[in-house]
Amino acid sequence: MTSRLPALRIRVFLFVALVLPAGVASSAEPLAPRIDQLLEANQVGPLAPLTTDSDFLRRITLDLTGDLPSSAEAKNFLDDAAPNKRELLVDRLLASPRFPIHMANVFDVMFMERRSAAHVSVVEWQKYLQASFVANKPFDQLAREILSADGVDPALR
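Under my numbering, the sequence shown has 80 at position 72, and the numbering climbs by one with no breaks.
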């Protein structure tokens with residue numbers, strides 16, 4: 009069973025990436041309110057309180073860049089009095105050069121079942137993933153490209 013776990017994770021990811029966006033895109037109702045409704049309807053207990061700014065900074069920086077925030081980044085964020093500073097931080101981290109590098113590493117680990125260098129070198133694979141995240145490529149498109157790659161035609165590798 010454990011040897012099938014990476015393949016199962018990939019299948020679940022591909023289902024989410026390819027099937028769910030079509031259902032969401034065809035809906036006239038925005039996604040955020042639908043998620044809120046589902047959470048409220050299925051709430052099994054009290055929601056956790058809103059995290060502190062320092063915890064939020066640490067968690068979101070680790071999630072999006074794989075690094076801890078520097079002391080200067082922490083000071084700037086914690087001293088900021090803007091009511092939307094969390095949104096601005098997320099936007100800044102998504103635009104940072106660290107984001108595509110980290111996400112390429114995350115996806116590389118997620119697709120570890122892929123046979124490294126069998127058809128595509130690790131360097132090419134990392135460049136492809138990084139460029140995909142820099143371009144903000146939709147996950148359904150990324151999944152389609154990965155699934156249709158043949159390893160022979162350079163345009164499809």
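We treat Cβ as the ideally placed atom computed from N, Cα and C, and that holds for glycine. Predicted model, so just to flag it, every value in this text is computed and none were measured.
Asked, Found
"Leu59 to Ile68, Cα distance in whole Å?", "Reading off the sequence shown, one finds Thr at residue 59, where the question assumed Leu. About 11 Å."
"Leu55 to Arg66, Cα distance in whole Å?", "21 Å"
"Mapping the DSSP letters down to three states, classify Val128 as helix, strand or coil.", "coil"
"Once you ignore the five residues that flank Phe225 on each side, which residues in its own chain have a CB closer than 8 Å to its CB?", "Here the chain covers residues 9 to 165 and nothing more, so residue 225 does not appear."
"Thr60 by DSSP, collapsed to three states: which one?", "coil"
"So, using beta-carbon positions, are Val142 and Pro108 closer together than 7 Å?", "yes"
"Assuming the contact rule is C-beta atoms closer than 8 Å, Ala112 and Gln138 should be a hit. Round their C-beta distance to whole Å, please.", "5 Å"
"Let me know the secondary structure DSSP gives Leu76 once reduced to three states.", "coil"
"When you compare only the Cα positions, how much space is there between Val1 and Arg106?", "One cannot answer for residue 1 here, as it falls past the ends of the chain, which runs 9 to 165."
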